[in-house]
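Each remark here refers to the structure printed beneath this line.
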Amino acid sequence: MIKVTNLCKAYGSTVALDNVSFEVDDGHIYGLLGPNGAGKSTTMNIITGYLAPTMGEVVIDGYTLGKDTLKAKKCIGYLPEIPPLYPDMFVREYLNFVASIKQISAKERIDEVQSAIDKTGLKEVSERLIKNLSKGYKQRVGIAQAILGTPKVIILDEPTVGLDPQQIIEIRELIRSLKENHTVILSSHILSEIATVCDDVLMISHGRVVAMDTTDHLLSDKKRLGRSFTVTVKGEKDKTEKVLSGLTAVVTNLSFVSEEDGKCTFTFDTEKEDDIREDVSFALSDERLLVLSLSEEKKSLEDIYLAIMEESDKQYEEELRLAKEAEEAEEEDDDEDIEEDEQFSEESDESNGKEEK
Ligand code: ADP
Ligand code: MG
35 MIKVTNLCKA YGSTVALDNV SFEVDDGHIY GLLGPNGAGK STTMNIITGY LAPTMGEVVI
95 DGYTLGKDTL KAKKCIGYLP EIPPLYPDMF VREYLNFVAS IKQISAKERI DEVQSAIDKT
155 GLKEVSERLI KNLSKGYKQR VGIAQAILGT PKVIILDEPT VGLDPQQIIE IRELIRSLKE
215 NHTVILSSHI LSEIATVCDD VLMISHGRVV AMDTTDHLLS DKKRLGRSFT VTVKGEKDKT
275 EKVLSGLTAV VTNLSFVSEE DGKCTFTFDT EKEDDIREDV SFALSDERLL VLSLSEEKKS
335 LEDIYLAIME ESDKQYEEEL RLAKEAEEAE EEDDDEDIEE DEQFSEESDE SNGKEEK
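With this note's numbering, letter number 31 in the sequence shown gets 65, and the count goes up by one each step, no holes.
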């Protein structure tokens with residue numbers, strides 16, 4: 035549906051996007067995830083044709099931005115970070131206005147506007163002034179203008195920012211319902227939001243794609259995340275600790291949690307990818323320690339996000355360090371060249387002087 039190739043964007047000396055490539059398939063909801071300043075809005079502004087890239091190509095449903103720009107733009111409905119609303123217009127009036135800008139014919143306009151109003155739950159407020167609506171309803175109007183004309187792709191930049199918890203739940207449900215008729219890309223830095231709404235995740239950091247995968251697959255990436263367990267044992271703390279810390283092939287980062295009523299609880303990590311429950315429970319029962327519970331901690335998207343961001347920050351800093359070193363080495367070379375030149379000219383001055391004598 036969308037193919038982005040080697041996208042670069044520089045604002046003066048700030049590199050906002052550095053060789054971003056990805057593809058988006060029909061009928062999925064994609065989450066664009068990354069810290070502030072990562073390049074999410076820039077990516078969205080380029081895909082929607084609001085901003086020209088410094089380099090790279092965007093093809094939407096077979097149309098290339100910059101060549102078939104109008105056709106490509108027609109495939110997309112966009113809700114920017116700051117919704118383009120006119121506060122002094124009535125909701126229906128505003129949507130009619132947007133429909134005319136989108137060149138929806140006068141005949142279709144009434145139905146299109148009504149359908150957008152119905153889908154976004156704006157029926158009760160359709161004859162009210164936009165400025166008198168709550169933030170949640172304003173955001174619905176923003177989404178309504180994006181879906182007008184039923185574009186194949188809907189792009190939403192931080193659609194739940196500034197909403198209260200109830201409004202957030204409602205807008206999320208609305209976004210999920212868009213999946214029936216549209217491919218959706220939304221940006222967010224709320225990880226639970228991405229985890230509950232999106233099928234696929236695209237993580238960017240320092241203007242680069244650092245992960246692209248299905249949400250489920252990211253969450254099952256045990257290698258990257260490591261695994262953590264909690265075990266509760268009927269028995270003494272010291273004895274239990276001795277057994278667990280002896281299992282060096284299985285147990286790492288053993289940590290005591292609590293001891294009461296003859297029970298003790300520990301947490302630990304493991305680098306093993308297969309089932310370790312037998313190793314642990316047999317070792318404990320050999321010492322007549324009864325395992326009351328042994329459970330694996332479920333990792334959240336937050337865990338994987340932090341792990342990926344940490345990796346990418348490290349790599350980025352290393353690259354900066356190497357670039358700086360290379361620059362300094364070059365400067366030293368230049369200095370040496372200048373010194374040599376100066377020496378050379380002094381020598382030749384002297385020899386010139388001699389000749390004159
Ligand atoms: P995000 O939406 O992920 O927070 P942005 O795409 O807004 O990130 O910004 C990416 C980078 O580009 C940031 O470093 C930001 O400061 C810079 N940037 C964004 N817009 C402009 C602009 N109009 N002029 C200069 N720098 C900009
Ligand atoms: Mg942004």
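For glycine and all other residues, C-beta sits at the position ideal for the given N, C-alpha and C.
- Distances from the alpha-carbon of residue 162 to those of 41, 125, 280, 305 put 125 closest.
- Residue 317 and residue 155 have their alpha carbons spaced roughly 59 angstroms apart.
- Collapsing the DSSP output to three states places residue 94 in a strand.
- At least 7 angstroms separates the beta-carbon of residue 105 from that of residue 83.
- For residue 75, the shortest C-beta to heavy atom distance toward the ligand MG is below 6 angstroms.
- Within a 10 Å sphere around the beta-carbon of residue 251 sit fewer than 16 other beta-carbons, which makes this residue exposed.
- Judged by beta-carbon spacing, residue 277 lies beyond the 7 angstroms limit of residue 330, meaning their Cβ atoms are not closer than that value.
- Counting other Cβ atoms within 10 Å of its Cβ, residue 302 reaches 16 or more and is therefore classed as buried.
- One thing to note: residue 237 has its Cβ within 7 angstroms of the Cβ of residue 245.
- In this structure residue 363 is exposed. Its beta-carbon is surrounded by fewer than 16 other beta-carbon atoms within 10 angstroms.
- A contact between stretches requires three or more CB pairs, one per stretch, nearer than 8 angstroms, and the region 184-193 meets this requirement with the region 107-118.
- Here residue 267 carries a strand assignment [DSSP, helix/strand/coil].
- Counting along the chain, the unbroken alpha helix (DSSP H) around residue 78 starts and ends at 74-81.
- Taken in chain order, the complete beta strand (DSSP E) segments of 3 or more residues contained in the region 277-324 are 286-294, 297-304.
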